[in-house]
Amino acid sequence: MRSPFFVGRRRALIALGALPFARLAAAADIEEKRTGGPYVPTPQIVVDEMLRMGKVGADDFVIDLGSGDGIIVLTAAQKHKARGFGVDIDPELVKLSNGEAKKRGIADRAAFHVMDVHKADISKATVVTLYLLPGMMIDLRPKILGELQPGTRVVSHDYSFGDWQPDDQLTWDVPEKEKVNGVGRATVYLWIIPAKVAGRWRLNLVAPAPGQYELTLKQSFQNLEGVATGGGAKGVRLSHSLLRGADITFALPAGADHHLFKGKVEGDTMAGGVQLAGGKGVVRWNALRTQA
């Protein structure tokens with residue numbers, strides 16, 4: 007739900023309409039970044055798809071930025087037994103959402119607060135949901151990437167984060183009875199917050215196949231590339247690179263084959279198993295970041 011203002015919206019639109027076109031466009035842009043856009047309810051079918059794509063379950067904490075009528079958090083709590091809260095700058099919508107949580111008997115798991123989305127503490131979320139216009143999405147991107155833990159799922163209705171490509175997305179035709187304002191198609195995007203892996207790393211293979219590499223990794227969101235030296239490799243590029251949350255995969259050439267590394271990132275360390283070239287078995291590996 008594109009939440010942030012409903013009460014007073016008519017007055018705001020009347021005021022904007024009195025401005026010259028250039029000032030109207032600038033004022034509208036400012037208002038979008040401040041509020042995320044006018045309140046538009048999210049169809050239940052879209053809410054259900056967002057929660058399905060986000061794999062919301064009983065162990066999750068869901069935070070909805072721009073929660074409007076609260077339907078996403080309410081559904082997560084009622085249908086999936088999750089906990090969470092929504093934030094919105096419209097007091098009337100927040101009051102409505104908290105009242106509905108009490109009515110459904112889930113106020114212990116679903117709460118709503120009057121708050122600017124930029125000021126919300128989202129660090130404890132395992133799933134973040136949004137239905138905000140493009141300007142606000144881009145504006146919130148640094149907060150999303152900076153405050154959420156690797157592996158957190160971020161799900162958005164209709165609008166994306168610009169050049170941060172989603173890990174998954176689905177577009178479908180909305181049934182006639184579920185349409186809002188005549189809109190018949192919906193898109194849901196999913197991002198998995200990637201671990202921060204850019205920098206230089208010292209990688210060690212554990213016995214019985216000891217060895218050491220120096221890795222230089224470059225990262226653009228979940229996209230990863232790098233170069234390795236050592237172990238007979240001289241500035242070779244990694245292949246099969248994949249970063250999904252804290253899970254990392256990459257390969258190093260070994261003759262006509264490659265060593266395939268899989269592991270997990272925890273801050274400035276990584277560890278996992280490597281499938282040795284030629285089917286020679288799996289050994290453990292670990293790595294320490296030496297320079298960010």
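Counting from 7, one number per residue, gives the positions in the sequence shown under my numbering.
Ideal Cβ placement from N, Cα and C applies to all residues, glycine included.
Here the structure is a predicted model, which means the values were calculated and not measured.
Pair within 8 Å by beta-carbon distance, residue i and residue j
i, j, result
"His246", "Thr255", "yes"
"Glu55", "Leu176", "yes"
"Gly251", "Lys268", "no"
"Asp70", "Gly92", "yes"
"Leu221", "Val242", "no"
"Gly205", "Leu223", "yes"
"Phe118", "Gly76", "yes"
"Ile51", "Val180", "yes"
"Leu249", "Ala201", "yes"
"Val46", "Thr135", "no"
"Asp94", "Val120", "yes"
"Thr48", "Tyr137", "yes"
"Lys270", "Asp253", "yes"
"Ile150", "Val160", "yes"
"Ala260", "Ala277", "no"
"Leu146", "Asp174", "no"
8 Å contact criterion, which residue i and residue j should meet: CB distance rounded
i, j, result
"Thr193", "Thr158", "Wrong, their Cβ atoms sit about 21 Å apart, outside the cutoff."
"Asp122", "Ala88", "24 Å between Cβ atoms; not a contact."
"Arg110", "Gln84", "6 Å"
"Ile198", "Gln228", "7 Å"
"Leu244", "Val203", "With a Cβ gap of about 11 Å, Leu244 and Val203 do not count as contacting."
Any non-hydrogen atom of the ligand SAM within 7 Å of residue i CB
i, result
"Gly205", "This structure simply doesn't include the ligand SAM, nor any ligand for that matter."
Status (buried if at least 16 other CB within 10 Å, exposed otherwise) for residue i
i, result
"Gly285", "exposed"
"Asp35", "Note that Asp35 scores 45 on pLDDT, short of 50, meaning its location in the model is unreliable and no value can be drawn from it."
"Asp124", "According to the sequence as given, residue 124 is His; it is not Asp. With fewer than 16 Cβ atoms within 10 Å of its Cβ, His124 is classed as exposed."
"Ser129", "exposed"
"Ser162", "buried"
"Ala262", "exposed"
"Ser226", "exposed"
"Ala116", "buried"
"Trp178", "exposed"
"Pro97", "exposed"
"Ala107", "buried"
"Ala234", "buried"
"Gly287", "exposed"
"Pro172", "buried"
"Ala64", "exposed"
"Gly152", "exposed"
"Gly105", "exposed"
"Gly90", "buried"
"Gly190", "exposed"
"Ala126", "buried"
"Ala31", "Note that Ala31 scores a pLDDT of 38, beneath 50, so its modelled location is shaky; the value from the coordinates is reported in the next line. Classification for Ala31: exposed."
ask   = Just checking, does the stretch 286-295 make contact with the stretch 201-218 on the three C-beta pairs under 8 Å criterion?
value = yes
request  = Could you pull out every unbroken beta strand (DSSP E) segment of at least 3 residues lying fully inside the stretch 143-196, listed in chain order?
outcome  = 159-163, 174-179
query = Touch check for the stretch 150-169 and the stretch 101-109: three-plus C-beta pairs under 8 Å?
reply = no
query = Going along the chain, which unbroken runs of the beta strand (DSSP E) with 3 or more residues stay wholly within the stretch 199-232?
reply = 205-211, 217-226
ask   = Which residue spans inside the stretch 61-108 form an unbroken beta strand (DSSP E) run of at least 3?
value = 67-71, 89-94
key: Uninterrupted beta strand (DSSP E) stretches inside the stretch 230-289 (no shorter than 3 residues)   = 239-243, 245-250, 253-260, 263-272, 275-281
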